[in-house]
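In terms of the numbering used here, the sequence shown opens at residue 39 and continues consecutively. The beta-carbon is built from N, C-alpha and C at its ideal position, and this holds for glycine as well. Because the structure is a prediction, the values reported are computed rather than measured. Report on the structure given below.
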Amino acid sequence: MALGDNIQYLRKMNDITQEELAEKLFVSRQTISKWEMDQVYPEIPKLIEIGRMFHCKIDELLKEDMGKRKNVYSDITVKKIPGFRMGRYVIISHNPEDDVHAYMDRWAETSGLNAVTDDKPKQIGWDFPFVSAEQKNRFGLRGYVSAYILPDGFEPECGGVEIVNQRAADYACITICDPFSRAFEYIPTAYKKILEYLQANGLKENVSSEYLSCFEYVYEKENTTYMEVCIHVDPASWE
Numbered sequence: 039m040a041l042g043d044n045i046q047y048l049r050k051m052n053d054i055t056q057e058e059l060a061e062k063l064f065v066s067r068q069t070i071s072k073w074e075m076d077q078v079y080p081e082i083p084k085l086i087e088i089g090r091m092f093h094c095k096i097d098e099l100l101k102e103d104m105g106k107r108k109n110v111y112s113d114i115t116v117k118k119i120p121g122f123r124m125g126r127y128v129i130i131s132h133n134p135e136d137d138v139h140a141y142m143d144r145w146a147e148t149s150g151l152n153a154v155t156d157d158k159p160k161q162i163g164w165d166f167p168f169v170s171a172e173q174k175n176r177f178g179l180r181g182y183v184s185a186y187i188l189p190d191g192f193e194p195e196c197g198g199v200e201i202v203n204q205r206a207a208d209y210a211c212i213t214i215c216d217p218f219s220r221a222f223e224y225i226p227t228a229y230k231k232i233l234e235y236l237q238a239n240g241l242k243e244n245v246s247s248e249y250l251s252c253f254e255y256v257y258e259k260e261n262t263t264y265m266e267v268c269i270h271v272d273p274a275s276w277e
């Protein structure tokens, strides 16, 4: 794949028009069009800006066939996920995913959860949306929630998490292969693909306090990391 194809791929995957990309890079729309058709090539400073904007390296822009990245995604399916009981905790920090996972790993050991499960307990997570503008803009903070799915009858030996029950619900799900190799591209794109699927099939996302509106589940299979991304489907639109 040529450089122009890669620029076009990244632009379209991020829902950016040629005009919008031109504004961000301080060039004309015609320049973007010529780049994408390989009629002219961006200067090195512009390549660096493109790489920063789309979280990729210049070598990837020049040498990789980025169109093959589409193959990291499974087909989207809508399935009923059985009800479950979870222990969850939220952290707001500069790196909330790592911070809250470390906290929950310690909790799993202290609470006795690790002792009652043969394998590593199932862990899910999702972005915590209730972060103030000051926390985000002034301090660069984000929020993330991590939760362990608790076995039937398990009672933790300590506090430290919120215990919550969720009933069975329908979710639209997609699986990403090796999601953390390009986390800033692959994971947001997975959510985008699900939302596009819902719209194309006349379905609606369901945002409700009774259910998780979305979550991510990371697991290992045959020495490869996978992430399943799920968004709650409005039952009225599904049935």
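{"Query": "Limits of the unbroken beta strand (DSSP E) element including Met265", "Result": "262-270"}
{"Query": "Alpha carbon of Asn244 to alpha carbon of Phe253, nearest angstrom", "Result": "13 Å"}
{"Query": "Contact belief for Glu200 with Arg126 at Cβ below 8 Å, rounded distance in angstroms", "Result": "5 Å"}
{"Query": "Simplified DSSP assignment, three categories, for Asn203", "Result": "strand"}
{"Query": "Reduced DSSP category for Gly125 - H, G, I as helix; E, B as strand; rest coil", "Result": "strand"}
{"Query": "At least 3 beta-carbon pairs within less than 8 Å: the region 254-274 vs the region 226-241", "Result": "yes"}
{"Query": "Lys118 beta carbon less than 8 Å from that of Asp190", "Result": "no"}
{"Query": "Meets three-Cβ-pair contact criterion under 8 Å: the region 169-183 and the region 75-87", "Result": "no"}
{"Query": "Enclosing alpha helix (DSSP H) for Glu223 [first to last residue]", "Result": "221-238"}
{"Query": "The region 55-64 touching the region 82-93, judged by at least three CB pairs closer than 8 Å", "Result": "yes"}
{"Query": "Three-pair Cβ contact test at 8 Å for the region 122-140 versus the region 103-111", "Result": "no"}
{"Query": "Beta bridge counterpart(s) of Ile212 as assigned by DSSP", "Result": "Val267"}
{"Query": "Whole runs of the beta strand (DSSP E) within the region 100-149, excluding any shorter than 3 residues", "Result": "115-119, 122-131"}
{"Query": "Start-to-end residues for the alpha helix (DSSP H) that takes in Tyr79", "Result": "No alpha helix (DSSP H) contains Tyr79, which DSSP labels as neither H nor E."}
{"Query": "Rounded separation between Trp145 and Glu193 - CA only", "Result": "13 Å"}
{"Query": "Ile82 classed as buried or exposed, judged by whether at least 16 other C-beta atoms fall within 10 angstroms", "Result": "exposed"}
{"Query": "Environment of Gly163 [buried if 16+ CB atoms lie within 10 Å]", "Result": "buried"}
{"Query": "Contact set for Ser131: own chain, Cβ-Cβ below 7 Å, skip 5 residues either direction", "Result": "Asp137, Leu179"}
{"Query": "Close beta carbons around Cys196, own chain, < 7 Å, minus the five adjacent residues each side", "Result": "Thr148, Ser149"}
{"Query": "Nearest-angstrom Cα separation, counted from Thr69 out to Leu99", "Result": "17 Å"}
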